[in-house]
Amino acid sequence: MMYLWFVVAGAFAGVCAGLFGVGGGLIIVPALVWILGAYGFPSEFIPHVSVGTALATIIITSISSLTAHNKKGGVRWDVFKNLTYGLVVGSLFGAWVATLIKGDYLQGLIGVFAIAMSIQMFMKKADENIKPLPKPMSQSVAGGVIGMASAIFGIGGGSLNVPYLTHAGLPMKQAVGTSAACGLPIAIAGALGFMIFGRSHVANMSEPVAGLLGFVHLPAFVAISVASFITAKLGAKIAHKLPAGTLKKAFACLLIVVGCQLVWSGVVG
Numbered sequence: 022m023m024y025l026w027f028v029v030a031g032a033f034a035g036v037c038a039g040l041f042g043v044g045g046g047l048i049i050v051p052a053l054v055w056i057l058g059a060y061g062f063p064s065e066f067i068p069h070v071s072v073g074t075a076l077a078t079i080i081i082t083s084i085s086s087l088t089a090h091n092k093k094g095g096v097r098w099d100v101f102k103n104l105t106y107g108l109v110v111g112s113l114f115g116a117w118v119a120t121l122i123k124g125d126y127l128q129g130l131i132g133v134f135a136i137a138m139s140i141q142m143f144m145k146k147a148d149e150n151i152k153p154l155p156k157p158m159s160q161s162v163a164g165g166v167i168g169m170a171s172a173i174f175g176i177g178g179g180s181l182n183v184p185y186l187t188h189a190g191l192p193m194k195q196a197v198g199t200s201a202a203c204g205l206p207i208a209i210a211g212a213l214g215f216m217i218f219g220r221s222h223v224a225n226m227s228e229p230v231a232g233l234l235g236f237v238h239l240p241a242f243v244a245i246s247v248a249s250f251i252t253a254k255l256g257a258k259i260a261h262k263l264p265a266g267t268l269k270k271a272f273a274c275l276l277i278v279v280g281c282q283l284v285w286s287g288v289v290g
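Residues in the sequence shown are numbered from 22 upward in steps of one, following this note's numbering.
See the structure below:
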């Protein structure tokens, strides 16, 4: 039954990704926290496995997304190259930091982040600010910060990359497309980090859990990736039939509920 819930979570994440134009991490991480908790997974490692697995699934979705944006000429590969160095190092460092954070605290931090993202969605979208881009080194440093935060919270970085890129001077369409491409190095480096740094923790579990590769749950990764890949197209079709403002606010409300629940359960244990 647990595997069926993985499919349901992946399907819902895919629809949300298509509807709201966000990566599935903000949906997958809370869903895995609840599913793994309900089926008796060691509680101290639930947030870590949820984040590591979410990053692994983003590898699949980001490939699909960046391909679509690249066909429309929306990816600035020069900016992607400058950011990638920092994104990879930052994601690996973020994965290492996350493995050191106590499970309840990490869960609470993820909840606070979800609430912060919901507030950002409620705010009015900023106008384009086209101007000369920062120097490559500055872009790499920004990539490091974005990569670290993305790995800790289990996201593809879009909610952080797009605001940075638009502020830095890219037109919105190029910012979104380049951000989609940046999700790939974040997800690969972050997932690898959780696999590598999580191995010693998994080896010391009192009760061995099947299907774990470090802090990545392989059955969940497969089920969620397949389901979300299929349903993302459905979400995109629905999105074109509904007002964008309504969709944005609906997702923001969902994030508030999810974030508050994660914070509460993280505080009370």
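Just so it is clear, CB atoms sit at the ideal spot from N, CA and C, and this is done for glycine as well.
Output yes if chain C places a C-beta closer than 8 Å to the C-beta of residue i; else output no.
i    : result
K123 : No chain C appears in the structure shown, which is made up of a single protein chain.
Label residue i either buried or exposed according to how many other C-beta atoms from any shown protein chain fall within 10 Å of its C-beta, with 16 as the threshold for buried.
i    : result
A224 : exposed
S159 : exposed
A231 : exposed
F143 : exposed
L121 : exposed
G94  : exposed
Y60  : exposed
V278 : exposed
M169 : buried
Y185 : buried
L25  : exposed
I140 : exposed
A56  : The residue asked about is misnamed: residue 56 is Ile in this sequence, not Ala. Under this definition I56 is a buried residue.
Using the three-state DSSP reduction, which class does residue i fall into: helix, strand or coil?
i    : result
L233 : strand
Got a sec, what are the start and stop residues for the alpha helix (DSSP H) residue i sits in?
i    : result
F62  : Per DSSP, F62 belongs to no alpha helix (DSSP H) and is neither H nor E.
N182 : 179-189
V118 : 98-121
I209 : 193-224
M144 : Run containing M144: none; DSSP gives neither H nor E here.
S159 : 157-174
Are the beta-carbon atoms belonging to residue i and residue j less than 8 Å from one another?
i    : j    : result
L53  : A77  : no
G115 : A172 : yes
V237 : F218 : no
S246 : I81  : yes
N182 : S161 : no
G178 : G198 : no
S71  : G175 : yes
G190 : K152 : yes
A212 : G73  : yes
L127 : A135 : no
V284 : G129 : yes
M138 : L233 : no
- [ ] Give a yes or no on contact between the segment 233-244 and the segment 97-107, applying the rule of three or more CB pairs nearer than 8 Å.
- [x] A contact between stretches requires three or more CB pairs, one per stretch, nearer than 8 Å, and the segment 233-244 fails this requirement with the segment 97-107.
- [ ] Decide if the segment 46-64 is in contact with the segment 27-38; the criterion is three or more beta carbon pairs, one per stretch, under 8 Å apart.
- [x] Yes, the segment 46-64 touches the segment 27-38.
Open item on the list: Check whether the segment 60-67 and the segment 204-214 touch, using three or more Cβ-Cβ pairs below 8 Å as the test.
Closed with: A contact is defined here as three or more CB-CB pairs under 8 Å, and the segment 60-67 fails this definition with respect to the segment 204-214.
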